[in-house]
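A.B. asks: If you read the sequences in order, they're chains U and F. Everything in the first sequence is counted per the working numbering, starting at 66 for the first residue and increasing by one. Everything in the second sequence is counted per the working numbering, starting at 65 for the first residue and increasing by one.
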Amino acid sequence: MIPISYNVRSLMVRKTTTFATAGGIALVVFVLAAAMMLAAGVKKTMVAGGRPDNAIVTRKGSGAELSSSIENNAVSLILAAPGVKKDETGTPLGSGETVVVIAQEKLGGAAGQVSNVLVRGVPENVLKVRPDVHIVSGRPAKPGTDECIIGKNLVGNYAGMNVGEKFELKKNRPVEVVGVFEAGGSSFESEVWASLETARSSFGRDGLVSSVTVRLESPAAFDRFKATIETDKQLLLEAERETTYYEKQSQATALFVSVLGWVIVVFCMIGATLGAMNTMFAAVAQRKREVGTLRALGFSKFNILTSFVVESVVLTAVGGLVGLIASLLLTFGHVSLMNQASWSEITFSFSATPGILIGAIIAGCSMGIIGGFLPALKAASTSPIEAMRG
Amino acid sequence: MTLFGIAARNIGRNKLRTSLTVAVVAISTLFFIMLRTVVWSWTSASEFAAKDRIATRHKVSFVMQLPKRYAEEIAQMPGVTAVCYANWFGGKDPKDENDFFATIATDPASLLKVYPEIKTSEAEKQAWIGDRRGAMIGDSLAKKKHWKVGDKITLAGSIFPGNWDFNISGIYTTTTTNVDRATVWFHWDYLNESLPERSKDKVGWIVSNISDPGASGRISKAVDAKFDERDLQTITMSEAALNQSFLGMFSAILKAIDLVSVVMIAIMGLIVGNTIAMGVRERTNEYGVLRAIGFLPKHIAQFVLGEALVIGIVGGVVGLGLGYPFVNLGVGRFLEENMGQMFPQFRVQPQIAVMAFGLALGLAIVSAILPARKAASLQVVESLRRVG
Chain U
66 MIPISYNVRS LMVRKTTTFA TAGGIALVVF VLAAAMMLAA GVKKTMVAGG
116 RPDNAIVTRK GSGAELSSSI ENNAVSLILA APGVKKDETG TPLGSGETVV
166 VIAQEKLGGA AGQVSNVLVR GVPENVLKVR PDVHIVSGRP AKPGTDECII
216 GKNLVGNYAG MNVGEKFELK KNRPVEVVGV FEAGGSSFES EVWASLETAR
266 SSFGRDGLVS SVTVRLESPA AFDRFKATIE TDKQLLLEAE RETTYYEKQS
316 QATALFVSVL GWVIVVFCMI GATLGAMNTM FAAVAQRKRE VGTLRALGFS
366 KFNILTSFVV ESVVLTAVGG LVGLIASLLL TFGHVSLMNQ ASWSEITFSF
416 SATPGILIGA IIAGCSMGII GGFLPALKAA STSPIEAMRG
Chain F
65 MTLFGIAARN IGRNKLRTSL TVAVVAISTL FFIMLRTVVW SWTSASEFAA
115 KDRIATRHKV SFVMQLPKRY AEEIAQMPGV TAVCYANWFG GKDPKDENDF
165 FATIATDPAS LLKVYPEIKT SEAEKQAWIG DRRGAMIGDS LAKKKHWKVG
215 DKITLAGSIF PGNWDFNISG IYTTTTTNVD RATVWFHWDY LNESLPERSK
265 DKVGWIVSNI SDPGASGRIS KAVDAKFDER DLQTITMSEA ALNQSFLGMF
315 SAILKAIDLV SVVMIAIMGL IVGNTIAMGV RERTNEYGVL RAIGFLPKHI
365 AQFVLGEALV IGIVGGVVGL GLGYPFVNLG VGRFLEENMG QMFPQFRVQP
415 QIAVMAFGLA LGLAIVSAIL PARKAASLQV VESLRRVG
């Protein structure tokens, strides 16, 4: 077999061409990895909001909290269902919440640009039902007042979204921000949490909630809970495990990002493969004599074929690696995207999974294999006598 | 033989390489056409918006509702000629819950007055107005679902619970592309009478026709001022501004597409430039000979640029030749039929085709500048000495 160092040196001889081709591949792999990392980030952010031992109840057929509404008296029935965990005083751990979207002025963009922010009216015990939520600055809101806490992604991105500042839920109904919370990277971090009563009265939703989230005694208690909730045909309710619910919510956005990403990547990959092919054809033509010599020395046609394919793969793998490393820098940044299930803006980060890293490298190498095969075949079929004669 | 002729002849020397490079240029042209058409298709809805319509909704959020009497009050205002109110119903086909189409409750007679671009036959129009459970559906939805006039359909409400029965009274088509052709319109009264007392008499948004398109800003302000001291405030804007505000929510995606266009141009530029540089390197000898017999450096540069120009022209033409059928007959037809909400019209626009062709030429020439300069600055003796 022809040593790989021969291929590496050959590549170094034609530095400019090698760098231009590898640079093209690097850009393609960068775009591929970025798109997939964003799609994974969307999924991760959405799913992070769910716990396997929490269940969320919405009105049957509503599909999402935003279009669901549940009457007050049904809330107590839900909390009384078997499988719901109780705190030390015997009160069931459940949170009936009302969800509304408000348009809020965005900072840093064009003047007057508004974006939708999700406002969640929450009862007093919400932090017990969602133990993953922690106040990171300021303090929790006092129950029943016009105070609210906000997710950390909102801070500084929207008008009035800072501890000590105020913004209006509706005209003449200001709320004061008293604290900032984080929630394990979930979509809650892009929400405003106000008291349930404030939210209901501001938005004319008295006597209604959008959804009820309960803690279960254990993840296994879900089936019992679901059966009780859904057998009551009068209530017309639907219970889902929180993890399942959030996964469903993320599907549309994640799919959109990955479809868009794939379309882009397929086109760029075709272009970059053709580019690699051109480079390798030129390399083969230029080294015709070398190939003839190698054949004369006794290397088989197959040796020549693999050697050129290897050279092409080395070329694209280097490019792919550079592109991948560049794309990893994106994990320090984030993007605000419209979530199609809640019609509000959520901040997502790029999330690198092992699958994406391996996939990107495979994509880079496959461009090398496909682009290098035809030129390698041409090299392998060179007749030694012809080639050495020049 | 002209200089350009020689440049064009040179292309034929390495046919394989030339065809690969032309393919790269053609693919980037095609891809560019597609990306720009996506952006155009999204933004066109606001371009085509009627100038004489303004829309009013709840100031806080479009998921909140307004009292129906607001519509009656707007209708009384000077400059307003017709008013139509509507509610998003959020119905789903129980047989296929993932299939999204718009279902909207409205007042039939005023809808057809405010939206003259919604076309249906007079008989179907009268049938719809006369049947409380009647629905008017878009032709693309009817085709997809195999629904016909006279069919009875049942939709499951996601916002308003339960199963709702409708009779299809008519099928509409539109004369402009800013109106969706996959919507189910039905009687607002039918929805309203089934609601509990507390939810009755509410509308999601109000669209008004105004007599003077130039007054749309003034009338919008007047409407908002009228309701400013009431319990629920409104925000009113022209149809174009409304469409644009929806689009604003996807601004991150539009930005991403712009960014990708730039990255793609960079990739293709690298590839084309590389190919041309390879050709120049291989012909160093010849350029030496040409210089020795009296050609000037600028002539050598012209050879290289001329060659790139021909590649750009051929690649651009091939790209356009592929792009038109690919977008208009393939992707475009698919998107219009299946994602009509987002892409009401997905066709190659002349200005995009011109831009794409310009891009192909520009890409080829810009990427040839460096190799051309290199070729022009060769020392005659040096280049004659160099082998291969």
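Where is the CB? At the ideal position from N, CA and C, for every residue including glycine.
Using a Cβ cut-off of 7 Å, pull out every chain B residue sitting near V88 of chain F, in sequence order please.
C.D. replies: The structure shown contains no chain B; its protein chains are U and F.
A.B. asks: Does the region 305-315 of chain U come into contact with the region 136-150 of chain U, if we say contact requires no fewer than three beta-carbon pairs (one atom in each stretch) closer than 8 Å?
C.D. replies: Touching, no.
A.B. asks: Does any CB atom of chain U fall closer than 9 Å to the CB of D292 of chain F?
C.D. replies: Locating residue 292 of chain F in the second sequence gives position 228, counting from the first residue. Yes, because at least one Cβ of chain U sits closer than 9 Å to the Cβ of D292 of chain F.
A.B. asks: Just list the residues that DSSP pairs L281 of chain U with in beta bridges.
C.D. replies: On the first sequence, residue 281 of chain U is found 216 positions in, with the first residue counted as 1. Paired residues: U:V149.
A.B. asks: Do you know how far the Cα of R294 of chain F is from the Cα of T263 of chain U?
C.D. replies: The sequence position of residue 263 of chain U within the first sequence is 198, counting from 1. The sequence position of residue 294 of chain F within the second sequence is 230, counting from 1. Each residue's Cα considered, the two are about 19 Å apart.
A.B. asks: Taking the CB atoms as reference points, tell me whether F96 of chain F and G383 of chain F lie closer together than 9 Å.
C.D. replies: Mapped onto the second sequence, residue 96 of chain F falls at position 32. Mapped onto the second sequence, residue 383 of chain F falls at position 319. Closer than 9 Å, so yes.
A.B. asks: Please confirm whether A424 of chain F and T93 of chain F have their CB atoms less than 9 Å apart.
C.D. replies: Within the second sequence, numbered from 1, the residue matching residue 424 of chain F stands at position 360. Within the second sequence, numbered from 1, the residue matching residue 93 of chain F stands at position 29. A contact, by the Cβ cut-off of 9 Å.
A.B. asks: Considering Cα atoms alone, identify which of U:A444, U:D297, U:I390 and U:V198 is closest to I426 of chain U.
C.D. replies: Residue numbering aside, residue 426 of chain U sits at position 361 when the first sequence is read from its first letter. Nearest option by C-alpha distance: U:I390.
A.B. asks: CA-CA distance, F407 of chain F and V418 of chain F?
C.D. replies: Translated into positions along the second sequence, residue 407 of chain F becomes position 343. Translated into positions along the second sequence, residue 418 of chain F becomes position 354. Cα to Cα, F407 of chain F sits roughly 22 Å from V418 of chain F.
A.B. asks: Return yes when the Cβ of V277 of chain U is within less than 9 Å of the Cβ of G159 of chain U, no when it is not.
C.D. replies: The sequence position of residue 159 of chain U within the first sequence is 94, counting from 1. The sequence position of residue 277 of chain U within the first sequence is 212, counting from 1. The answer is yes: Cβ separation under 9 Å.
A.B. asks: Apply the 10 Å Cβ neighbour rule to V353 of chain F and answer buried if 16 or more other Cβ atoms are within range, or exposed otherwise.
C.D. replies: In the second sequence, counting from the first residue as 1, residue 353 of chain F sits at position 289. Result: exposed.
A.B. asks: Hey, is N138 of chain U's beta-carbon within less than 9 Å of any beta-carbon in chain F?
C.D. replies: Against the first sequence, residue 138 of chain U aligns to sequence position 73. So no, N138 of chain U is outside the interface.
A.B. asks: Please list, in chain order, all residues of the same chain as F321 of chain U whose beta carbon is under 6 Å from its beta carbon, the five residues on each side excluded.
C.D. replies: For the purposes of this step, residue 321 of chain U is identified with residue 256 of the first sequence, where counting begins at 1. Nothing listed; no residue qualifies.
A.B. asks: Looking at I201 of chain F and Y254 of chain F, is the spacing between their C-beta atoms short of 9 Å?
C.D. replies: One-based indexing of the second sequence puts residue 254 of chain F at position 190. One-based indexing of the second sequence puts residue 201 of chain F at position 137. The answer is no: Cβ separation not under 9 Å.
A.B. asks: According to the neighbour-count rule (16 or more other Cβ atoms, all chains shown, within 10 Å of its Cβ), is Q366 of chain F buried or exposed?
C.D. replies: Within the second sequence, the letter at position 302 stands for residue 366 of chain F. Per the 10 Å Cβ criterion, buried.
A.B. asks: Reducing DSSP to helix, strand and coil, say where S275 of chain F ends up.
C.D. replies: Taking the second sequence and counting its residues from 1, one reaches residue 275 of chain F at position 211. Coil at S275 of chain F, not helix or strand.
A.B. asks: At least one CB of chain F closer than 9 Å to the CB of T309 of chain U: is that the case?
C.D. replies: The residue you call residue 309 of chain U lines up with position 244 of the first sequence. Output row for T309 of chain U: interface = no.
A.B. asks: Using CA atoms only, rank isn't needed, just tell me which of U:L393, U:S431, U:K443 and U:L442 is closest to P419 of chain U.
C.D. replies: For the purposes of this step, residue 419 of chain U is taken as residue 354 along the first sequence, with counting starting at 1. Cα-wise, what sits closest to P419 of chain U is U:L393.
A.B. asks: Cβ of L399 of chain F less than 9 Å from any chain U Cβ?
C.D. replies: Indexing the second sequence from 1 puts residue 399 of chain F at position 335. Not an interface residue.
A.B. asks: What residues of chain U sit near R81 of chain F, judged by a beta carbon separation below 8 Å?
C.D. replies: Against the second sequence, residue 81 of chain F aligns to sequence position 17. In chain order: N343, F346 and A347.
A.B. asks: Report yes or no: is there a C-beta of chain U within less than 9 Å of the C-beta of A440 of chain F?
C.D. replies: For the purposes of this step, residue 440 of chain F is identified with residue 376 of the second sequence, where counting begins at 1. A440 of chain F does not count as touching chain U.
A.B. asks: Against chain U, does E346 of chain F count as a neighbour if the rule is that its beta carbon must be under 9 Å from one of theirs?
C.D. replies: On the second sequence, residue 346 of chain F is found 282 positions in, with the first residue counted as 1. Interface residue, yes.
A.B. asks: Grouping DSSP H, G and I as helix and E and B as strand, with all else coil, what is G452 of chain F?
C.D. replies: As a first step, residue 452 of chain F is located in the second sequence; it is residue number 388 there, counting from the start. With a pLDDT of only 48 at G452 of chain F, under the threshold of 50, the placement of this residue in the model should not be trusted; the figure read from the coordinates follows. Coil.
A.B. asks: Determine the direct distance from the alpha carbon of S401 of chain U to that of A319 of chain U, and round the result to whole angstroms.
C.D. replies: As a first step, residue 319 of chain U must be located in the first sequence, where it is residue number 254. As a first step, residue 401 of chain U must be located in the first sequence, where it is residue number 336. Looking at the two C-alpha atoms, the distance is approximately 13 Å.
A.B. asks: Within the 9 Å Cβ cut-off, does F253 of chain U reach chain F?
C.D. replies: In the first sequence, the residue the question calls residue 253 of chain U occupies position 188. It does not: the Cβ of F253 of chain U has no partner Cβ on chain F nearer than 9 Å.
A.B. asks: For A441 of chain U, does the count of other Cβ atoms within 10 angstroms reach 16, so buried, or fall short, so exposed?
C.D. replies: As a position in the first sequence, residue 441 of chain U is number 376, starting the count at 1. A441 of chain U is buried by the Cβ-count criterion.
A.B. asks: Just to confirm the assignment, what range does the beta strand (DSSP E) spanning V287 of chain F have?
C.D. replies: For the purposes of this step, residue 287 of chain F is identified with residue 223 of the second sequence, where counting begins at 1. Element bounds for V287 of chain F: not the beta strand (DSSP E) but the alpha helix (DSSP H), S280 to F291.
A.B. asks: Any beta carbon from chain U within less than 9 Å of G452 of chain F's own beta carbon?
C.D. replies: Walking along the second sequence from the start, residue 452 of chain F turns up at place 388. Because G452 of chain F sits at a pLDDT of 48, beneath the cut-off of 50, its placement in the model cannot be relied upon, and the point is left open.
A.B. asks: Should the region 220-236 of chain U be called in touch with the region 296-304 of chain U, which here means at least 3 C-beta pairs below 8 Å?
C.D. replies: The region 220-236 of chain U vs the region 296-304 of chain U: no contact.
A.B. asks: For chain F, check one thing: does any of its Cβ atoms lie closer than 9 Å to the Cβ of G89 of chain U?
C.D. replies: Stepping through the first sequence from its first residue, residue 89 of chain U is reached at position 24. By this cut-off, G89 of chain U is an interface position.
A.B. asks: Does the contact criterion of 3 or more C-beta pairs under 8 Å hold for the region 246-262 of chain U versus the region 183-193 of chain U?
C.D. replies: Yes: at least three Cβ pairs fall under 8 Å.
A.B. asks: With 9 Å as the threshold, decide whether the Cβ of G437 of chain U is near any Cβ in chain F.
C.D. replies: Residue numbering aside, residue 437 of chain U sits at position 372 when the first sequence is read from its first letter. Taking Cβ atoms only, chain F never reaches closer than 9 Å to G437 of chain U, which makes this a no.
A.B. asks: State buried or exposed for N138 of chain U, treating a residue as buried only when at least 16 other CB atoms are found within 10 Å of its CB.
C.D. replies: Position 73 of the first sequence, counting from 1, holds the residue named residue 138 of chain U. Flag for N138 of chain U reads exposed.
A.B. asks: When you compare only the Cα positions, how much space is there between G387 of chain F and M98 of chain F?
C.D. replies: Along the second sequence, one-based indexing puts residue 387 of chain F at 323. Along the second sequence, one-based indexing puts residue 98 of chain F at 34. Going from the Cα of G387 of chain F to the Cα of M98 of chain F covers about 8 Å.
A.B. asks: Is Q299 of chain U close to chain F, meaning its C-beta is less than 9 Å from at least one C-beta of that chain?
C.D. replies: Within the first sequence, numbered from 1, the residue matching residue 299 of chain U stands at position 234. Not closer than 9 Å to any Cβ of chain F, the Cβ of Q299 of chain U fails to qualify, so no.
A.B. asks: Taking 8 Å as the cut-off, is the C-beta of V248 of chain F nearer than that to any heavy atom in the ligand SAM?
C.D. replies: With respect to the ligand SAM, the structure shown offers nothing to examine, as it has no ligands at all.
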